[in-house]
Amino acid sequence: MKTFDQASIVKATICTYSMQMEQAKSFFQTWQEADGVQCLSILLKKQKIQIHYDVKLVDLNTILEAMTASRIMVDNSWLNRWRLNTLRQVEQNVRDNIRHVPHCCGKPPK
418 MKTFDQASIV KATICTYSMQ MEQAKSFFQT WQEADGVQCL SILLKKQKIQ
468 IHYDVKLVDL NTILEAMTAS RIMVDNSWLN RWRLNTLRQV EQNVRDNIRH
518 VPHCCGKPPK
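Residue numbers (this note's numbering): 418 to 527.
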């Protein structure tokens, strides 16, 4: 069983269109055991992919490239583009929070 630092996990739902069973199987087999993927589910009837991943090991662009390689088309509506851009911002915030070194509260400012 994989263990992950919960502070670096991002949960994403990616909307697709015209995803077929063969494409979904190809993507699932490639990514279900990939490093950095905590949870992966494909909702074929709803045309969605739900994935929980560690941003230290995987990023959204890599997932989208893998979807393209599996011939899964990402929904290009304005709402879905907004969601993907928001997800990229969440990824960046998580990365920034991981790198942050807290200051000491008892130390006087310089």
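Using N, Cα and C, we set each Cβ at its ideal position, and we do this for glycine too.
Just list the residues that DSSP pairs residue i with in beta bridges.
i: lysine 429; result: According to the sequence shown, residue 429 is alanine rather than lysine. Answer is Ile468, bridged to alanine 429.
i: cysteine 522; result: According to DSSP, cysteine 522 bridges with nothing at all.
i: valine 491; result: Thr433
i: isoleucine 480; result: BP columns for isoleucine 480 are empty, so no partner.
i: serine 458; result: Gln467
Quick one: using the 10 Å Cβ neighbour count with 16 as the cut-off for buried, is residue i buried or exposed?
i: tryptophan 495; result: exposed
i: valine 472; result: buried
i: isoleucine 515; result: exposed
i: valine 518; result: exposed
i: methionine 438; result: exposed
i: leucine 474; result: exposed
i: tryptophan 499; result: exposed
In chain order, what residues of the same chain lie with their CB nearer than 7 Å to the CB of residue i, ignoring the 5 residues before and after it?
i: methionine 490; result: Thr433, Tyr434 and Ser435
i: aspartate 492; result: Cys432, Thr433 and Tyr434
i: serine 443; result: Ser487
i: arginine 511; result: First, the residue type needs correcting, since residue 511 is valine and not arginine in the sequence shown. Within the same chain, valine 511 has close Cβ partners Ser425, Val427 and Val472.
Which residues in the same chain have their Cβ closer than 6 Å to the Cβ of residue i, if we skip the five residues on either side of it in sequence?
i: phenylalanine 513; result: For clarity, residue 513 is aspartate in the given sequence; the question names phenylalanine instead. Nothing listed; no residue qualifies.
i: isoleucine 468; result: Ala429 and Leu457
i: isoleucine 466; result: Ile431 and Ile459
Does any C-beta atom of chain B lie closer than 7 Å to the C-beta of residue i?
i: lysine 462; result: As a matter of chain content, chain B is missing from the structure shown, which is built from one protein chain.
For residue i, which residues from the same chain have a beta carbon less than 8 Å from its beta carbon, with the 5 sequence-adjacent residues on both sides left out?
i: lysine 462; result: none
Rounded to whole angstroms, how far is the Cβ of residue i from the Cβ of residue j, which I believe are closer than 8 Å?
i: glutamate 508; j: valine 454; result: No, glutamate 508 and valine 454 are not in contact; Cβ-Cβ is about 14 Å, not under 8 Å.
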